[in-house]
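Heads up: the structure comes next, in structure tokens.
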Amino acid sequence: MAKTLEPKTKEMEFTSIGQRVPKLDAWDKVQGKTMYIHDVKLPRMLHGKILWSKYAHARIVSIDTSKAEQLPGVRAVITGYNTPEIRCGFIKDNPVLKKDKVRQYRDEVAAVAADTPEIAEEAIKLIDVVYEELPGVFDPEEAMQEGAPLIHEDKGSNVLKLPWKMICGDVEEGRKQADYIVEETYKLPFVTHCCLGTSGCIAQFDAKGNLTVYSPTQIRYLAQKDFQEALNALGLKGKKVKVIQTAIGGGFGSKLDTYPFEFITILLAYYTGRPVKLVYSREEEFFASPGRQPVRAKISQGCTKEGKLTFRDVEMILDNGAYTSWGATTPSVMMMPISSLYQVPNIRYVAKCVHTNNIYSTAMRGYGNPQATFAIESQLDTLAEKAGIDPWEFRMINRNKPGEITPQKFEVGSCGMKECLEAVKEKLQWDEKRGKGNGRGVGIASLIHVGGGARIYKSDGCGTILKLDDFGKVSLLTSASDMGQGSETVLAQIVAEELGLHVEDVDVIMKDTNLEIWDAGAHASRSTFVAGNSALYAARKAKEEILEFAATMLKEPKENLYLRDRMLYSRNNPEVSMTIDKLLRAAHFRTNGRQIVVSEFYDPPTQMLDREMKGNFSAAYTYGVHGVEVEVDKETGQIKILKMVIAMDVGRAINPMAVEGQLEGGGAMGLGYSLMEELHLEKGKVLNGNFLDYKIMTFPDMPPIESVIVETYDEKGPFGAKGIGEPPLVGSAPAIANAVWDALGVRIRELPITPEKIVAALEGKKGS
Amino acid sequence: MRRFTYYEPESLKEAIALLEKNGETARLLAGGTDLIVEIKQEKKSPDHLVSLRRIPGLQEMDFSDGELCIGAMVTHRMIEKAELIRDKYSLLADAVDNLGSVQVRNVATIGGNICNAAPSADTAAPLVALGARLVVEGPAGERQIPIDEFFKGPGKTDLGAGEILRCIRIPALPQGAGSCYIKHARRKAMDLPLLGIAVIIVPDANMVCREARIALSLAGPKPFRAEQAEAFVTGKPLSEEVWKQAGEIAVGESNPRSSFRTTAAYRRKMIGTLIPRAAAVSLQRVNRAWMKG
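What follows is the structure in structure tokens.
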């Protein structure tokens, strides 16, 4: 396929691929026409509300729901005591309604369905719960100590039986080879997604006991499976579950798991026999929608006099919170930069996830990668300095190269790390600006991320159905999910390109588990690559059928025919030309005719990680480099980002405008993570659960972001493309920390990099 | 969220009567950018909401007899757009420039900002520095309250039962005064100050300080004048060094607190750092004013 990447003739020039196509969903969104879960109303629909725990850790002595039940308009009040037990999370340690004890402030103690949201809210207040408070533990290191309160008594320990360990080469040998070694500890905060659309769903049973769930989930097929288990618990084995995906108001991983509120809504719908809608308020979204887990990382790296890295040794402790969601599996992705960002022969990585009475975490853009990369890339600057090598040179010396196999057995195909490093160096004017000190500085950081799916489940596949109608239009039924990242547009471009149609000829349908095939979900930056290949191969099948029919009808050799601009042409015969819609009608309206419908299921050629946590688990790897220039006010500690450059090797930009959108959006999120975002918990309770005190970047705060798109045309990607959803966030924080170091000579090892920390560090420096 | 009855009286008298009738269960509604949020969060649950929007005169600004009078319902956006304020009371223009967002400033009012008595109110320190007087009408008629007597602590004011702020009267500044307000915040928009610093300088022809006013918010439980620092500067040449020392003196007069938003230590350090900066900007504005005049 690599050969077809560069157009050789006019007919091979792309018409859709590489075009700056505005997102197809943008018009409806900006005009308020998009149907979010908040907008959906069903006949006879009730409203659900959850009663949350009043304590971080307490025994439930009793729950009295009688007053709530008597409130007019209340249709059901449920607790863990009057419903069958359903557990969620991948190790099923999270009962959807808590019995006996609560382990965090966001524990679900009871729930109500009522005629209006107001009645539901009032009813919640009438539920009388008697608690007996238990001592809590809020620091993972304290939770690991002997005698610490146990979060789950049945587990016997607060440390999850999910030990993460990866050894490549021999770290001790690497230490011996090193002329310079740096050892440090880094600390990352609890942050959260801040999706504009809060979480919510609607559950509805039909008369036969089949369930429909309307949800803005990122994983409609995995959610379908989870909800099936709920039906089993309700004794409805064999009944069907359908998940209808409503427009997703943002999703960065928070909608990648199923949560108690969804099962509670199902239970409420079951017991009332009516559709029930439960949507979080913004306040609930802040404390009850899981975010990115706090991490403490002890890291050491060493290099030779020549600057070659000899080893990397990382130990991490993750605050898992009270229950287990995908947060506990983020070390599997942290391994990726630890093993494979730069060429490091000897690697050791161990991580522990520890239960506390804090709220629990899940997946969030980057999935552990931002935390690991912050530690690695910050420390690289320190190490480079120790070795007396320019940090940019240092990165060039150790950079990854196309075709290499990393210690974790990743088979790197395309790799534009060098191009990204060079682009950022030039855009930042690195040589002129670096090392001047005096409050101004530049910093860079590289990253690696999966760009060709990730085999986390035994199938990493995605299905496509294409239906070509009589008007030359295509229905593209894809099992991908667009949560704002632009998959809808990219998939339409791919299909339009392959079928010689225009983007507006393609209707993208991604909403119903009954209509589309199967997909592992919108995660791992996989949609462009996996759903893209699925769509591409489906379109090729359709094209094949069209050309075959045309060849027979027109008596032209099939090899000579091609589709372009809604027309069929022949390379050799200028007489042959026909509109595609006419051709499709001709294929349909005849004896034994038919509409063209094709399907494709694409599963990338990858491996699951083996017992040693090794294997080529993505079909392609995305590389990128962040560069920033900062100006720091030495008295106030305030950081002004003068410039941010993000260079990403995306394989090919199917839609450069959408890629820039990802780069800028990821950059904004990365800046927030670096400079201001932090969920403050006091003994497990969120103190700043609002947009005033949980600070994300606002428009006036945003510096100019310069996007550099590097194209390496990955031979496995659709038209050469690789995934780009998560990477633009990943390198932001270390690039800023490195720029601050260049500007002031202080090293901030804890995010966010606040003015307070800078002032304190400068005072510490003065003192020393 | 508790349900409430909403009123739109058309005179202050009518509004006062509603307040008297409903006592503690009634709240006045100005722009609503604080109150409505608090009602939604159930931090406040009034049964009666008395809007001031239809009362004539409250949205007027008037500059006569050397005094500026700003109606309680004047929005921050109106203040921001008033050339006269930018020219003669620069610190007040500074205070509204970065308050909330344009959307917030379009509805939020100066009266609401003051009467809500949040320690973080952006207009508080400038008005304290300006020596504003609050004209209040109540069941017993009109009275004027000097602003430094108005604030009684976080969320607490001198307003009595049934009393309504009508306008804020601001005396003219002496000829040649320059002023500045620094909002020290984490973000450029949609943020509250971690510290508010208001400075007014009146130099004589030899650039010796004839009068200095320094008002601080979030440096203690309520906005206050750093009187020792003011006294120190007065009569001295307006040098950077003098203002550095004044800043340190003001640190000694302050009693900021720690919260998750920032630490007391950082606030103290910033008081010392930002007072000289506010003074430097004020001084620049003095020069500009003189060149104009």
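Just so you know, the protein sequences line up as chains A and B, in that order.
The letter at position 427 of the first sequence is residue 421 when you use this note's numbering, and the numbering goes up by one with no holes.
The letter at position 218 of the second sequence is residue 219 when you use this note's numbering, and the numbering goes up by one with no holes.
Cβ atoms here follow ideal geometry from the backbone N, Cα and C, with glycine treated the same way.
Mark Met602 (chain A) as exposed unless 16 or more other C-beta atoms lie within 10 angstroms of its C-beta, in which case mark it buried. Counting every other CB atom within 10 Å of its CB across the protein chains shown gives Met602 (chain A) a total below 16, marking it as exposed.
Quick one, are the C-beta atoms of Gly494 (chain A) and Leu557 (chain A) less than 8 Å apart? yes
Along chain B, which residues have their Cβ under 7 Å away from the Cβ of Val753 (chain A)? Tyr267 and Lys270
Beta bridge counterpart(s) of Gly457 (chain A) as assigned by DSSP: A:Phe595
Classify Ile399 (chain A): buried if its beta carbon has 16 or more other beta carbons within 10 angstroms, exposed otherwise. exposed
Arg14 (chain A) classed as buried or exposed, judged by whether at least 16 other C-beta atoms fall within 10 angstroms: For Arg14 (chain A), the number of other beta carbons within 10 angstroms of its own is below 16, and it is reported as exposed.
Return the CA-CA distance between Glu112 (chain A) and Ile37 (chain B), expressed in angstroms with no decimal places. Spanning the two alpha carbons is a distance of roughly 17 Å.
Below 8 Å on C-beta distance, what does Ala190 (chain B) contact in chain A? Thr692, Phe693, Pro694 and Asp695, listed in chain order.
Neighbour flag for Glu491 (chain A) against chain B, beta carbons, 8 Å: Closer than 8 Å to the CB of Glu491 (chain A) there is not a single CB belonging to chain B.
Could you check the C-alpha separation between Arg359 (chain A) and Met691 (chain A) for me, to the nearest Å? So the two alpha carbons sit approximately 16 Å from each other.
Inspect the beta-carbon positions of Gly515 (chain A) and Ile260 (chain A) and report whether they are closer than 8 Å. no
Mind listing the chain B neighbours of Asn682 (chain A)? Cutoff is C-beta to C-beta under 7 Å, in chain order. Phe261
Check whether the Cβ atoms of Ser355 (chain A) and Ser326 (chain A) sit closer than 8 Å, and answer yes or no. no
Sequence-distant residues of the same chain with beta carbon closer than 8 Å to Arg81 (chain A), five excluded per side: Asp87, Asn88, Pro89 and Val90
Does the CB of Arg187 (chain B) have a neighbour CB from chain A at under 8 Å? yes
When you measure from the CB of Glu61 (chain B) to every non-hydrogen atom of the ligand SAH, does any distance come out below 7 Å? You won't find the ligand SAH in this model; it holds no ligand whatsoever.
With 8 Å as the limit, tell me which residues of the segment 31 to 63 of chain B have their beta carbon closer than that to any beta carbon of chain A; keep them in chain order. Gln42
Alpha helix (DSSP H) segment containing Gly168 (chain A), residue limits: Val165 to Gln171
What in chain A is Cβ-close to Leu193 (chain B), meaning under 9 Å? Leu686 and Asp687
Ends of the alpha helix (DSSP H) at Val209 (chain B)? Per DSSP, Val209 (chain B) belongs to no alpha helix (DSSP H) and is neither H nor E.
Is DSSP giving Asn88 (chain A) helix, strand or coil here? Three-state result, Asn88 (chain A): strand.
Could you tell me which whole alpha helix (DSSP H) segments of length 4 or greater appear in the segment 711 to 735 of chain A? Segments of the alpha helix (DSSP H) lying fully in the segment 711 to 735 of chain A: 721 to 724.
Gly294 (chain B) to Ala133 (chain B) span [Cα, whole Å]: Low confidence applies here, because Gly294 (chain B) scores a pLDDT of 46, under 50, leaving its location unreliable; read the following figure in that light. Rounded to the nearest angstrom, the two C-alpha atoms are 25 Å apart.
So, for Gly445 (chain A): in the same chain, excluding its five sequence neighbours on each side, which residues have a beta-carbon less than 6 Å away from its beta-carbon? Ala614, Tyr615, Thr616, Lys716 and Gly717
Tell me which residues share the same chain as Asp313 (chain A) and place their Cβ nearer than 7 Å to its Cβ, disregarding the 5 neighbours each side in the sequence. Pro134, Gln287, Pro288, Val348, Thr350 and Asn352
Chain-order list of residues whose beta-carbon lies under 6 Å from that of Gln589 (chain A) (same chain, five-residue window excluded): His582
Which residues in chain B sit within 9 Å of His41 (chain A), going by Cβ to Cβ distance? What His41 (chain A) touches in chain B: nothing, since even the nearest Cβ is about 14 Å away.
Element boundaries [alpha helix (DSSP H), containing His443 (chain A)]: Where His443 (chain A) is concerned, there is no enclosing alpha helix (DSSP H), although the beta strand (DSSP E) it sits in stretches over Arg434 to Val444.
With a threshold of 8 Å between beta-carbons, can Glu671 (chain A) be considered close to chain B, or not? no
Taking only beta carbons into account, state which residues of the segment 648 to 678 of chain A come closer than 7 Å to chain B, listed in chain order. Met670 and His674
Hey, does Thr264 (chain B) have any beta-carbon neighbour from chain A nearer than 8 Å? Answer yes: the Cβ-Cβ gap between Thr264 (chain B) and chain A drops below 8 Å somewhere.
So, is the C-beta of Thr630 (chain A) closer than 8 Å to a C-beta in chain B? yes
Cα separation between Pro140 (chain B) and Met62 (chain B)? Annotation: Pro140 (chain B) to Met62 (chain B) spans about 24 Å, alpha carbon to alpha carbon.
Quick check on the DSSP output: what are the complete alpha helix (DSSP H) runs of length 4 or more inside the segment 648 to 676 of chain A, in order along the chain? 650 to 669
Which same chain residues end up closer than 6 Å to Asp173 (chain A) when comparing Cβ atoms and leaving out the 5 residues on each side of it in sequence? Thr298 and Lys299
In angstroms, rounded to a whole number, what distance separates the CA positions of Gly221 (chain B) and Ser121 (chain B)? Just so you know, the alpha carbons of Gly221 (chain B) and Ser121 (chain B) end up roughly 11 Å apart.
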